[in-house]
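Taking it in order: structure first as structure tokens, then the write-up.
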């Protein structure tokens, strides 16, 4: 896996958007395809909160990526035509510097001494990488979910650098409902006795808090409609007798599904990194870059945009997609707004490939 | 407070719907108004999951009840005309027998030895109380939220006993989305180290788990729209500096609101009772009483029904209200279905009194 992942160390000091700095942070990334001679065919992808830079498989790493059906030769983001870069967000734990990394100034793991993380910092990490790669123009910037907000930050901080902008399941800012959910997820982790103010050890991780947070995540990433169709009231067990002495164990299929996904996730993601990225999502606000959301969006110079939203998305409701499309349009800009009826809620861009494949292909034609 | 609350002890053994029995359980209740000579003016209210029987103030207990603007002299459920009874659900902890009560067979607190609780048991508790009070006919049965499902159970078990049926923010069964949310709330409590398999002590209650569960409750009881209007992205503090050493403390108004409500709730409600009532809500299914939901609903004999639902309700979506109205109609029955646009989601029946007052008054005219 490590063979496909590359690392770039930003030289010197990296100033953080909300204060403080990092010394020589690393940005992990993967690339697919070839940069053309004019250095004009690059596409940059910012990810959602939890994925790594491994968007798709390659010769160096044949394991399937998180967007395996979208990025590749002959696929919607065609790596025969484009040089595709996916970065692991600064603050994450899949190769990029984050709270789980060692602070070179102290020789200790950052943990909660990591400065406040903003999506503007994640965006700047991507920008520094482009400079390092000698790329001065992007054919397109692509961002689903948190990656969409990071893309907006990028556009606001480095205007005119990208010709196209493809956003999906994202928004100009977090709404209080999403803030409440993420705040509760953070609290679940922080209240786990093993969290120990961020000083957990490998032998005693706040796994319970992480599991609970992941389950709440799954509940908000999908939709009530999907589960009604998929699980209904199907039972794992007809009996309600306590199993293994547990009176309130799993009875319904939907409970078993959540359990399965929580077990898969936990252990992969560093809890402190989760807290920082989660809070960064709450803090982001296009209005910080222009006084109001609309004024901020008007400053974005991408010539062509596509905004894809899903009606069943709880975290970034469809109204927020419409707002983005409205704010980005005008001034001779080409903006396409697509409203999908996918059942899979916020996660649709990872699951409902039949809907997304043709849309993304059209954007890149 | 205890002056208004009355207690009735069911004589002998009380068989539980899903097996086991209780010995001489107590049903706590309050009443308002006078039973007329024909014993024909009684109205029975089953509550949502967490309230006590104290729906409204009275001379004996002047503290405001949870439906203070609905139940009283000259109010929509007019206590000058009706003899109004509100029961504390069996399994709860406000006077009725539940997991926090002493099992007379052992002299010990039931805790998790309490048999599986079903809303059918809660309904039977209400029925036994009516028999005790010498009431053979109800003018109306009223149930919001979990109380609505309890009312449906009552109608299915004791058909023809009530002339009218007023349901709000409820459904014929729990959907997997609601089950997932409640399952996660239960897990938060059960994973609190102080839970200790239900054997917590007064000095070390699973308060963290209860606080988290209550916060998730608040998130699902209200609506994203309400919070957008009420809180927006207002901050409690402009600074993101760690406060009292807490790097991820409260920053946004919505976080402060949840904190306030969690603190108010915790300590009032017994954690084991919470688990039992929560699971009982998941288990209820009208289809258990007729093969399918529609067949079950057709068995209900109430002559006049009103179903009130709210479009912003997450827990019992508006489709479920429509399903109830459809299932209850026909056969010369009078059914009114009201779809409200209240902003306050599932909790609207407790908050949006301007919408509910005239509707409930109309039903009781």
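Protein chains in written order, with the numbering used here: chain U, 483 to 847; chain P, 483 to 847.
The beta-carbon is built from N, C-alpha and C at its ideal position, and this holds for glycine as well.
For clarity, every value in this text was computed on a predicted model and none was experimentally measured.
Inter-residue Cα distance where the pair is residue i and residue j
i, j, result
"residue 595/P", "residue 581/P", "8 Å"
"residue 675/P", "residue 518/P", "53 Å"
"residue 483/P", "residue 793/P", "Reliability fails at residue 483/P, whose pLDDT of 49 lies under 50, so the model's placement of it is uncertain and the value that follows must be treated cautiously. Approximately 36 Å between the Cα atoms of the pair."
"residue 490/P", "residue 629/P", "20 Å"
"residue 511/P", "residue 590/P", "24 Å"
"residue 734/P", "residue 715/P", "7 Å"
"residue 806/U", "residue 785/U", "14 Å"
"residue 541/U", "residue 664/P", "45 Å"
"residue 659/P", "residue 709/U", "7 Å"
"residue 702/U", "residue 796/U", "6 Å"
"residue 507/U", "residue 618/U", "21 Å"
"residue 828/U", "residue 776/P", "32 Å"
"residue 503/P", "residue 486/P", "28 Å"
"residue 633/P", "residue 522/P", "19 Å"
"residue 653/U", "residue 528/U", "14 Å"
"residue 533/U", "residue 573/U", "12 Å"
"residue 768/U", "residue 820/U", "21 Å"
"residue 613/P", "residue 577/P", "19 Å"
"residue 840/U", "residue 610/U", "32 Å"
"residue 847/U", "residue 712/P", "43 Å"
"residue 689/U", "residue 668/U", "13 Å"
"residue 719/U", "residue 615/U", "56 Å"
"residue 809/P", "residue 622/P", "18 Å"
"residue 722/U", "residue 592/P", "18 Å"
"residue 620/P", "residue 647/P", "10 Å"
"residue 812/U", "residue 842/U", "22 Å"
"residue 509/P", "residue 644/P", "20 Å"
"residue 896/U", "residue 500/U", "The structure shown does not extend to residue 896/U, since chain U spans only 483 to 847, so no value can be given for it."
"residue 514/U", "residue 492/U", "22 Å"
Terminal residues of the alpha helix (DSSP H) in which residue i lies
i, result
"residue 514/U", "Where residue 514/U is concerned, there is no enclosing alpha helix (DSSP H), although the beta strand (DSSP E) it sits in stretches over 508 to 514."
"residue 692/U", "689 to 703"
"residue 575/P", "No alpha helix (DSSP H) holds residue 575/P; DSSP gives it neither H nor E."
"residue 809/U", "800 to 810"
"residue 711/U", "706 to 712"
"residue 744/U", "735 to 747"
"residue 614/P", "601 to 614"
"residue 846/P", "835 to 846"
"residue 783/P", "Segment: none, residue 783/P is in no alpha helix (DSSP H) and carries neither H nor E."
Element boundaries [beta strand (DSSP E), containing residue i]
i, result
"residue 625/U", "620 to 626"
"residue 822/P", "816 to 822"
"residue 524/U", "524 to 528"
"residue 645/P", "644 to 650"
"residue 503/P", "503 to 505"
Cβ pair residue i, residue j closer than 7 Å
i, j, result
"residue 677/P", "residue 672/U", "no"
"residue 530/P", "residue 539/P", "no"
"residue 425/U", "residue 700/U", "Missing from the structure shown is residue 425/U; chain U here goes from 483 to 847 and no further."
"residue 783/U", "residue 642/U", "yes"
"residue 566/U", "residue 598/U", "no"
"residue 801/P", "residue 656/P", "no"
"residue 537/U", "residue 575/U", "no"
"residue 650/P", "residue 766/P", "no"
"residue 624/P", "residue 662/U", "no"
"residue 824/P", "residue 836/P", "no"
"residue 520/P", "residue 570/P", "no"
"residue 851/U", "residue 762/U", "Only positions 483 to 847 of chain U appear in this structure, which leaves residue 851/U out of reach."
"residue 826/P", "residue 704/P", "yes"
Residue i beta carbon near the ligand MG (any heavy atom closer than 6 Å)
i, result
"residue 596/U", "Ligands are entirely absent from the displayed structure, and the ligand MG is therefore not among its contents."
Pull out every residue of the stretch 662 to 690 of chain U whose Cβ sits closer than 7 Å to any Cβ of chain P, in chain order.
662, 663, 665, 666, 668, 669, 670, 672, 673, 675, 690
Give the residues from the stretch 700 to 726 of chain U that approach chain P closer than 7 Å (Cβ to any Cβ), ordered along the chain.
701, 706, 709, 710, 713, 714, 715, 722
For the 8 Å Cβ check, are there 3 or more pairs between the stretch 693 to 700 of chain U and the stretch 743 to 756 of chain U?
yes
Mind checking the stretch 736 to 747 of chain U against chain P and listing, in chain order, the residues whose C-beta falls within less than 8 Å of any C-beta there?
736, 737, 740
Members of the stretch 510 to 522 of chain P that neighbour chain U once the beta carbon cut-off is set at 9 Å:
none
Anything in the stretch 591 to 618 of chain U with a Cβ closer than 8 Å to a Cβ of chain P? List those residues in chain order, please.
594, 598
Could you check whether the stretch 790 to 804 of chain P touches the stretch 634 to 645 of chain P, counting it as contact only if at least three pairs of C-beta atoms, one from each stretch, sit closer than 8 Å?
no
Listed in chain order, which residues of the stretch 762 to 776 of chain U have Cβ atoms closer than 9 Å to some Cβ of chain P?
764, 765, 767, 769
What are the residues of the stretch 788 to 810 of chain P that lie near chain U, defined by any Cβ-Cβ distance shorter than 8 Å?
796, 799
Using a Cβ-Cβ cut-off of less than 8 Å, give me the residues of the stretch 526 to 546 of chain U that come near chain P, in sequence order.
Per Cβ criterion, the list is empty.
Touch check for the stretch 677 to 686 of chain U and the stretch 553 to 563 of chain U: three-plus C-beta pairs under 8 Å?
No, they do not touch.
The stretch 632 to 662 of chain P: which residues have C-beta closer than 7 Å to a C-beta of chain U, in chain order?
655, 657, 658, 659, 661, 662
With 8 Å as the limit, tell me which residues of the stretch 492 to 510 of chain P have their beta carbon closer than that to any beta carbon of chain U; keep them in chain order.
Taking 8 Å as the Cβ-Cβ cut-off against chain U, the residues of the stretch 492 to 510 of chain P that qualify are 500.
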